[in-house]
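Protein chains in written order, with my numbering: chain A, 1 to 399; chain B, 400 to 606.
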């Protein structure tokens with residue numbers, strides 16, 4: 001009987017494929033949040049002078065302080081250009097990246113989730129890694145992969161910098177463009193990085209941006225070998241990329257900010273990828289962020305220039321159909337969708353060099369079972385003036 | 400079949416049911432695309448040394464295993480879901496190593512995250528269910544303070560849930576013959592063939 005059990009377990013293990021529930025838009029290695037959020041961490045930079053800080057916001061709908069900022073955890077430096085964050089795989093720490101100084105800040109969010117603590121600052125990242133402009137911290141087991149936009153002088157191709165969760169440098173992996181975000185599908189040993197521009201470019205006004213510096217490729221990597229195995233060429237500045245969450249899903253999407261388009265990457269049976277444009281977001285959109293619903297049914301696009309949120313029905317994956325929009329979200333940028341796909345948080349600062357409106361905010365959009373969106377008129381955190389601003393709210397994580 | 404066996408089987412089916420499967424129009428690629436034959440195994444850090452007791456009461460000192468490739472995992476014997484699956488996947492990896500004649504150069508260590516309850520006898524019984532215990536695969540426990548220091552050194556925090564189960568990161572660590580961490584695996588995506596290829600690569604590196 002023991003042998004039978006062992007054999008059955010062996011068969012199950014062989015068939016299992018290793019897939020799990022992934023939390024939407026986070027690394028699949030991160031322990032998923034499967035209950036309503038209590039707190040939001042918001043990586044924020046001052047609109048003028050001051051230190052960057054982590055805003056701690058009450059998002060417990062039953063709380064008396066719902067929708068208010070409970071704390072500001074300041075870092076000990078300024079001019080960083082706070083941008084994106086990422087949880088470690090065990091969700092005990094948050095890594096927060098800064099585009100301008102290339103510093104990386106590590107916050108403990110496990111000891112007391114309502115009171116994060118800054119436990120380490122990595123000051124010398126360019127010297128350690130040979131790379132600058134950290135964009136997205138992305139969790140792999142016991143480590144973080146940081147997409148770095150450029151070489152040591154703020155120009156040229158960037159790469160991925162790998163650290164232990166505690167901040168010890170492991171290795172750098174060079175890229176052939178300016179890496180923006182990372183998506184991994186562990187079942188297939190495949191990693192895709194998207195691209196944007198170099199640090200020298202994004203920290204200068206748009207009038208000085210040279211199109212020759214715009215990435216127009218996604219890079220496909222053999223994850224275990226940390227080796228680029230294919231380059232997918234598309235529209236310029238392919239920002240956020242998302243791999244569908246279903247186990248063994250072979251496709252995903254990215255947005256092109258300069259191309260006003262949605263692209264689809266799909267893995268063939270031989271492990272190579274096809275890549276094609278599947279939708280137009282419309283002239284004047286300027287897509288800034290892309291999110292996906294947990295059942296892989298909808299994509300959400302923020303139109304930075306037009307101030308619009310678009311919901312795309314991808315039930316026919318190769319032919320996304322515009323399903324719904326929310327208007328009036330000036331300078332719409334970062335989004336965060338909850339585990340159940342029902343609440344979409346929105347902030348509206350991109351980078352200090354390209355923001356065009358001082359009306360900074362955090363808003364909330366409800367998503368119904370039919371995928372239709374409705375703006376919550378009550379949840380509105382005003383970062384344009386005191387007491388919370390003026391400050392630029394950017395990336396969000398929930399706990 | 401004993402009650403615990405049915406629990407494990409049910410848990411494994413539950414894990415499988417929850418992982419979903421490829422949709423009809425999404426035929427997954429061939430299985431070997433999931434692995435890399437040429438893994439890059441950067442040196443991540445020095446492996447924190449420790450000395451714990453196996454199920455026969457013998458001390459196992461990590462640093463005494465230099466020259467061998469070591470795979471460690473963290474389990475507890477009353478775990479109804481993830482730990483049995485993890486252990487079974489390690490069985491599959493060991494089977495591959497045995498078939499390739501490489502088992503004699505590797506050591507597996509399963510360390511309890513529940514030293515208060517996982518006695519040597521409990522671990523011996525657990526290992527027996529998988530026919531796992533041998534000189535090449537040791538199940539370790541010890542004085543709770545000593546075990547907890549090891550867990551802390553490897554970032555293996557624990558949280559006991561109201562029902563008695565223990566939440567923990569459940570990572571696996573692969574060490575080379577010089578006592579350095581060369582790979583960290585997530586249980587959720589642990590691929591026994593990839594682990595075998597990684598171990599083979601480290602053994603080839605050592606010459």
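Positions of the beta carbon are idealized from the N, C-alpha and C atoms, including for glycine.
Would you say residue i reaches chain B, if we count a Cβ-Cβ gap shorter than 7 angstroms as a contact?
{"i": "residue 189 (chain A)", "result": "yes"}
{"i": "residue 103 (chain A)", "result": "no"}
{"i": "residue 186 (chain A)", "result": "yes"}
{"i": "residue 29 (chain A)", "result": "yes"}
{"i": "residue 175 (chain A)", "result": "no"}
{"i": "residue 295 (chain A)", "result": "no"}
{"i": "residue 222 (chain A)", "result": "yes"}
{"i": "residue 115 (chain A)", "result": "no"}
{"i": "residue 86 (chain A)", "result": "no"}
{"i": "residue 112 (chain A)", "result": "no"}
{"i": "residue 313 (chain A)", "result": "no"}
{"i": "residue 168 (chain A)", "result": "yes"}
{"i": "residue 271 (chain A)", "result": "yes"}
{"i": "residue 90 (chain A)", "result": "yes"}
{"i": "residue 34 (chain A)", "result": "no"}
{"i": "residue 226 (chain A)", "result": "yes"}
Thinking just about the alpha-carbon of each residue, which of the options is nearest to the one in residue i?
{"i": "residue 136 (chain A)", "options": "A:109, A:103, A:52", "result": "A:103"}
{"i": "residue 57 (chain A)", "options": "A:117, A:41, A:242", "result": "A:41"}
{"i": "residue 275 (chain A)", "options": "A:111, A:296, A:251", "result": "A:251"}
{"i": "residue 97 (chain A)", "options": "A:145, A:141, A:112", "result": "A:145"}
{"i": "residue 238 (chain A)", "options": "A:248, A:220, A:226, A:215", "result": "A:215"}
{"i": "residue 587 (chain B)", "options": "A:247, A:386, A:375, A:100", "result": "A:247"}
{"i": "residue 528 (chain B)", "options": "B:555, B:502, B:560, B:490", "result": "B:490"}
{"i": "residue 218 (chain A)", "options": "A:170, A:175, A:226, A:91", "result": "A:175"}
{"i": "residue 331 (chain A)", "options": "A:308, A:339, A:321", "result": "A:308"}
{"i": "residue 130 (chain A)", "options": "A:109, A:161, A:143, A:107", "result": "A:161"}
{"i": "residue 76 (chain A)", "options": "A:61, A:93, A:50, A:85", "result": "A:50"}
{"i": "residue 91 (chain A)", "options": "A:128, A:110, A:83, A:24", "result": "A:110"}
{"i": "residue 82 (chain A)", "options": "A:55, A:207, A:119, A:378", "result": "A:55"}
{"i": "residue 358 (chain A)", "options": "A:365, A:293, A:364, A:347", "result": "A:347"}
{"i": "residue 542 (chain B)", "options": "B:516, B:463, B:579", "result": "B:516"}
{"i": "residue 607 (chain B)", "options": "B:460, B:445, B:498", "result": "No answer is possible for residue 607 (chain B): the residues shown for chain B start at 400 and end at 606."}
{"i": "residue 121 (chain A)", "options": "A:156, A:158, A:165", "result": "A:165"}
{"i": "residue 298 (chain A)", "options": "A:253, A:261, A:277, A:269", "result": "A:253"}
{"i": "residue 65 (chain A)", "options": "A:195, A:378, A:390", "result": "A:378"}
{"i": "residue 605 (chain B)", "options": "B:592, B:585, B:577", "result": "B:577"}
Does residue i get closer than 7 angstroms to chain A when you measure Cβ to Cβ?
{"i": "residue 437 (chain B)", "result": "yes"}
{"i": "residue 475 (chain B)", "result": "no"}
{"i": "residue 568 (chain B)", "result": "yes"}
{"i": "residue 441 (chain B)", "result": "yes"}
{"i": "residue 588 (chain B)", "result": "yes"}
{"i": "residue 601 (chain B)", "result": "no"}
{"i": "residue 444 (chain B)", "result": "yes"}
{"i": "residue 432 (chain B)", "result": "yes"}
{"i": "residue 551 (chain B)", "result": "no"}
{"i": "residue 583 (chain B)", "result": "yes"}
So, using beta-carbon positions, are residue i and residue j closer together than 7 angstroms?
{"i": "residue 506 (chain B)", "j": "residue 535 (chain B)", "result": "yes"}
{"i": "residue 393 (chain A)", "j": "residue 383 (chain A)", "result": "yes"}
{"i": "residue 538 (chain B)", "j": "residue 550 (chain B)", "result": "no"}
{"i": "residue 273 (chain A)", "j": "residue 232 (chain A)", "result": "yes"}
{"i": "residue 602 (chain B)", "j": "residue 470 (chain B)", "result": "no"}
{"i": "residue 301 (chain A)", "j": "residue 325 (chain A)", "result": "no"}
{"i": "residue 30 (chain A)", "j": "residue 87 (chain A)", "result": "yes"}
{"i": "residue 178 (chain A)", "j": "residue 204 (chain A)", "result": "no"}
{"i": "residue 400 (chain A)", "j": "residue 289 (chain A)", "result": "Residue 400 (chain A) lies beyond the stretch modelled for chain A, which goes from 1 to 399, so this question has no answer here."}
{"i": "residue 284 (chain A)", "j": "residue 305 (chain A)", "result": "yes"}
{"i": "residue 410 (chain A)", "j": "residue 345 (chain A)", "result": "Here chain A has residues from 1 to 399 only, and residue 410 (chain A) is not among them."}
{"i": "residue 193 (chain A)", "j": "residue 201 (chain A)", "result": "no"}
{"i": "residue 371 (chain A)", "j": "residue 323 (chain A)", "result": "yes"}
{"i": "residue 223 (chain A)", "j": "residue 291 (chain A)", "result": "no"}
{"i": "residue 107 (chain A)", "j": "residue 116 (chain A)", "result": "yes"}
Item to complete: Any chance you could list the beta strand (DSSP E) runs of at least 3 consecutive residues sitting entirely within the segment 135 to 213 of chain A, in chain order?
Response: 143 to 150, 159 to 164, 169 to 174, 179 to 185, 190 to 195
Practice prompt. Just list the alpha helix (DSSP H) runs in the segment 509 to 577 of chain B, keeping only unbroken ones of 4 residues or longer that don't cross its boundaries, in chain order.
Written response: 519 to 528, 543 to 552
Item to complete: May I have a chain-ordered list of the beta strand (DSSP E) segments no shorter than 3 residues that lie completely inside the segment 287 to 332 of chain A?
Response: 287 to 292, 298 to 303, 308 to 313, 321 to 326
Worksheet item: Can you list, in chain order, the stretches of the alpha helix (DSSP H) that have 4 or more residues and sit fully within the segment 465 to 509 of chain B?
Response: Listed in chain order, the complete alpha helix (DSSP H) runs (minimum 4 residues) inside the segment 465 to 509 of chain B are 481 to 498.
Worksheet item: What are the uninterrupted segments assigned as beta strand (DSSP E) that are 3 or more residues long and contained completely in the segment 215 to 251 of chain A, given in chain order?
Response: 217 to 222, 227 to 233, 238 to 243
Worksheet item: Are three or more beta carbon pairs between the segment 307 to 314 of chain A and the segment 34 to 53 of chain A nearer than 8 angstroms?
Response: Touching, no, given that fewer than three Cβ pairs across the two stretches are closer than 8 angstroms.
Discussion item. Pairs of beta-carbons, one from the segment 551 to 558 of chain B and one from the segment 450 to 457 of chain B, closer than 8 angstroms: are there three or more?
Written reply: no
Practice prompt. Quick one: which unbroken beta strand (DSSP E) runs of 3-plus residues sit fully inside the segment 57 to 122 of chain A? Chain order, please.
Written response: 69 to 78, 82 to 87, 93 to 98, 104 to 108, 117 to 122
Practice prompt. Can you give me, in chain order, the residues of the segment 127 to 149 of chain A that have a beta carbon less than 9 angstroms from any beta carbon in chain C?
Written response: Going by chain labels, chain C is absent from the structure shown, which instead holds the protein chains A and B.
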